[in-house]
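Going left to right, the sequence shown walks through residues 413 to 868 as our numbering numbers them.
Using N, Cα and C, we set each Cβ at its ideal position, and we do this for glycine too.
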Amino acid sequence: MAANDDRCVGCGKVKYACGIADGASAPLFERHYWVFLGISGFMLATALVFEHVFHDLILLHLFAIGSIIFSGHDVFKASYREIMSKQLGASTLMVVAAIGSLFIAHGTEGAMAIFLYSLAEKLEGISAGKARDAVSKLLQLSPDTALVKDDSGIKERPTGSVKVGDTVVVKPGAKVPLDGIITKGKSFFDTHAITGESIPRLQKPGDRVHASSINGDSLVEIQVTAGKSDTLVARITESINEAQQNKSKTEKFIDRFARYYTPVIFSVAVAVMVLLPVLGNRSIIDSVYTGFILLVISCPCALTLSSPLSMVAALTKLSREGILVKGGKFIERLKQVDTFGFDKTATITEGKLKVHDNVAIAPGWSKRENLQVIASLEENSDHPIAKAIVEAARSMEGNGIDLENVAGFTEIKGKGITGAINGKTYIVGSPTLFQETEIPVPKDTLARYTFEGKTP
413 MAANDDRCVG
423 CGKVKYACGI
433 ADGASAPLFE
443 RHYWVFLGIS
453 GFMLATALVF
463 EHVFHDLILL
473 HLFAIGSIIF
483 SGHDVFKASY
493 REIMSKQLGA
503 STLMVVAAIG
513 SLFIAHGTEG
523 AMAIFLYSLA
533 EKLEGISAGK
543 ARDAVSKLLQ
553 LSPDTALVKD
563 DSGIKERPTG
573 SVKVGDTVVV
583 KPGAKVPLDG
593 IITKGKSFFD
603 THAITGESIP
613 RLQKPGDRVH
623 ASSINGDSLV
633 EIQVTAGKSD
643 TLVARITESI
653 NEAQQNKSKT
663 EKFIDRFARY
673 YTPVIFSVAV
683 AVMVLLPVLG
693 NRSIIDSVYT
703 GFILLVISCP
713 CALTLSSPLS
723 MVAALTKLSR
733 EGILVKGGKF
743 IERLKQVDTF
753 GFDKTATITE
763 GKLKVHDNVA
773 IAPGWSKREN
783 LQVIASLEEN
793 SDHPIAKAIV
803 EAARSMEGNG
813 IDLENVAGFT
823 EIKGKGITGA
833 INGKTYIVGS
843 PTLFQETEIP
853 VPKDTLARYT
863 FEGKTP
């Protein structure tokens with residue numbers, strides 16, 4: 413693509429349509445697009461009033477011409493490119509039809525076609541811009557530098573210069589710069605930005621971690637397994653960029669149809685203008701008039717807008733709901749889907765942990781006492797499950813639960829916590845911790861909650 417081309421390399425739209433040419437460097441029309449389009453719409457409405465109410469052809473066409481001028485900037489530029497490349501398309505047909513509509517005293521028809529087409533280009537550009545913003549946010553997830561460890565020590569280097577096999581050091585609270593395998597240390601990693609998983613996962617030597625994951629509270633060393641362009645985040649980004657190419661069958665059909673439709677309509681219109689005076693009793697003026705009528709009524713405005721606009725509306729709505737679809741063809745295929753599969757709970761929930769059940773197993777031990785002890789210990793932990801338990805205690809019916817002071821609090825990484833309340837030591841944690849400490853836990857209760865998809 414030429415360096416001075418005014419079309420976006422990513423989406424093919426004019427740069428103002430997808431937001432690249434924003435700012436003071438953009439031409440006047442591009443900076444104030446909505447103002448120009450608003451003026452165009454007002455002038456079009458005024459032209460329609462003069463056409464249907466006052467029947468004033470002069471003012472009708474003056475306002476129609478004004479509407480075309482204010483909204484036709486992009487369409488005229490696209491038409492010029494088509495003519496220069498000798499590939500007539502829908503833009504050229506609409507421009508000729510708009511001009512022709514003025515000659516046959518139906519200027520509002522041409523003005524409306526230009527206005528709607530320009531509006532559709534902008535709406536489609538906004539959708540492309542949102543996809544581009546999603547790509548930008550993904551790229552920002554990964555850090556630009558990494559702490560590389562070698563025989564000479566630890567040095568900070570750009571992630572692009574780090575090679576597969578290098579060892580990188582990730583400090584507590586830092587983001588993982590590149591995909592790799594942990595070789596030293598263990599820590600909890602927050603992966604919600606990539607996987608949507610709300611619970612940090614304990615990763616130990618031999619486990620794989622991905623770029624943009626956030627390290628918890630321990631320093632770890634990672635052997636790099638993928639360069640900057642091959643990380644999981646990079647592959648997701650590439651997948652989003654491919655969305656513009658994934659057109660639906662309807663969109664592809666319209667693209668192919670429009671490629672042949674325009675030359676055929678031009679040929680038929682010219683044939684009408686030339687042959688009618690020769691073969692019939694029509695004058696040259698009447699023949700030209702008839703040819704222009706053919707061009708105006710053949711303007712593919714509705715055809716070219718129908719499928720793209722419907723896909724834009726669908727993609728925009730889905731993006732607002734946090735659902736990313738790779739392209740229009742996948743939306744079109746939804747009509748054939750009868751079953752959905754989800755990989756994890758957070759995909760179809762808020763991704764926020766919540767206490768659902770409180771079971772007191774010990775004889776004479778109430779649910780309130782049970783939750784009070786557990787929440788008192790968990791108040792000292794930063795784990796998401798701990799926060800959910802504390803929230804449940806504070807919001808319990810009966811003005812919540814007053815938490816007790818804990819002495820000797822100890823966190824057992826990846827397993828649980830211990831601490832003393834009023835001289836008694838308590839253990840709170842996963843089933844694995846209780847197995848290691850040989851404290852019996854009802855297996856049927858664990859099995860039931862596991863089957864229900866809950867974390868006991």
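Query                                                                                                                                : Result
Residue burial classification, residue 447 (beta-carbon count within 10 angstroms, cutoff 16)                                        : exposed
Inter-residue spacing [alpha-carbon to alpha-carbon] between residue 861 and residue 561                                             : 44 angstroms
Three-pair Cβ contact test at 8 angstroms for the region 844 to 858 versus the region 801 to 821                                     : no
Cβ distance (whole Å) where residue 596 is taken to contact residue 614 below 8 angstroms                                            : Contact doesn't hold; Cβ gap of about 15 angstroms is too wide.
DSSP-derived helix/strand/coil call for residue 497                                                                                  : coil
Three-way DSSP call (helix, strand, coil) for residue 613 in this model                                                              : strand
The region 631 to 647 / the region 572 to 588 touching (three or more Cβ pairs under 8 angstroms)                                    : yes
Endpoints, beta strand (DSSP E) assigned at residue 823                                                                              : 819 to 824
Close-in-space but distant-in-sequence residues of the same chain around residue 459 (CB under 6 angstroms, 5 per side omitted)      : 472, 475, 476 and 520
Inter-stretch contact at 8 angstroms, needing at least 3 Cβ pairs: the region 522 to 538 / the region 502 to 514                     : yes
Segments assigned alpha helix (DSSP H), at least 4 residues, entirely inside the region 775 to 838                                   : 779 to 790 and 796 to 806
Pair within 8 angstroms by beta-carbon distance, residue 602 and residue 573                                                         : no
Where the beta strand (DSSP E) through residue 561 begins and ends                                                                   : 557 to 562
Beta-bridge partners of residue 903, as assigned by DSSP                                                                             : Missing from the structure shown is residue 903; the chain here goes from 413 to 868 and no further.
For residue 598, the first and last residue of its enclosing alpha helix (DSSP H)                                                    : Residue 598 -> no alpha helix (DSSP H), and no H or E assigned at all.
DSSP-derived helix/strand/coil call for residue 570                                                                                  : strand
Segment limits, alpha helix (DSSP H) that includes residue 867                                                                       : Where residue 867 is concerned, there is no enclosing alpha helix (DSSP H), given that its DSSP letter is neither H nor E.
C-alpha gap between residue 680 and residue 607, whole angstroms                                                                     : 56 angstroms
Burial state of residue 491 (16 or more Cβ within 10 Å)                                                                              : buried
Start and end residues, alpha helix (DSSP H) containing residue 474                                                                  : 469 to 483
Residue 519 - DSSP class collapsed to helix/strand/coil                                                                              : helix
Rounded C-alpha distance that separates residue 435 from residue 445                                                                 : Per-residue confidence for residue 435 stands at a pLDDT of 48, beneath the threshold of 50, marking its modelled position as unreliable; the derived number appears in the next sentence. Each residue's alpha carbon lies about 12 angstroms from the other.
As assigned by DSSP and simplified to three states, the class of residue 676                                                         : helix
Residue 862, DSSP secondary structure in three states                                                                                : helix
Three-way DSSP call (helix, strand, coil) for residue 764 in this model                                                              : coil
For residue 742 and residue 722, the rounded distance between their alpha carbons                                                    : 13 angstroms
According to DSSP, residues forming a beta bridge with residue 627                                                                   : 601
Whole-Å CB distance - residue 644 paired with residue 670, under 8 angstroms assumed                                                 : The Cβ separation is near 38 angstroms, so there is no contact.
Span of the alpha helix (DSSP H), counted from its first residue to its last, around residue 702                                     : 696 to 709
Cα-Cα separation, residue 854 to residue 831                                                                                         : 23 angstroms
Spatial distance of residue 515 from residue 439 (CA atoms)                                                                          : 31 angstroms
Contact under 8 angstroms by Cβ, residue 829 with residue 837                                                                        : no
Residues of its chain near residue 789, where Cβ-Cβ distance is below 8 angstroms and the 5 sequence neighbours each way are ignored : 818, 821, 829, 830, 831, 833, 838 and 840
For residue 593, the three-state DSSP class (helix, strand or coil)                                                                  : strand
Straight-line Cα distance separating residue 701 from residue 512                                                                    : 9 angstroms
Assigned exposure category for residue 754 - 16 Cβ within 10 Å defines buried                                                        : exposed
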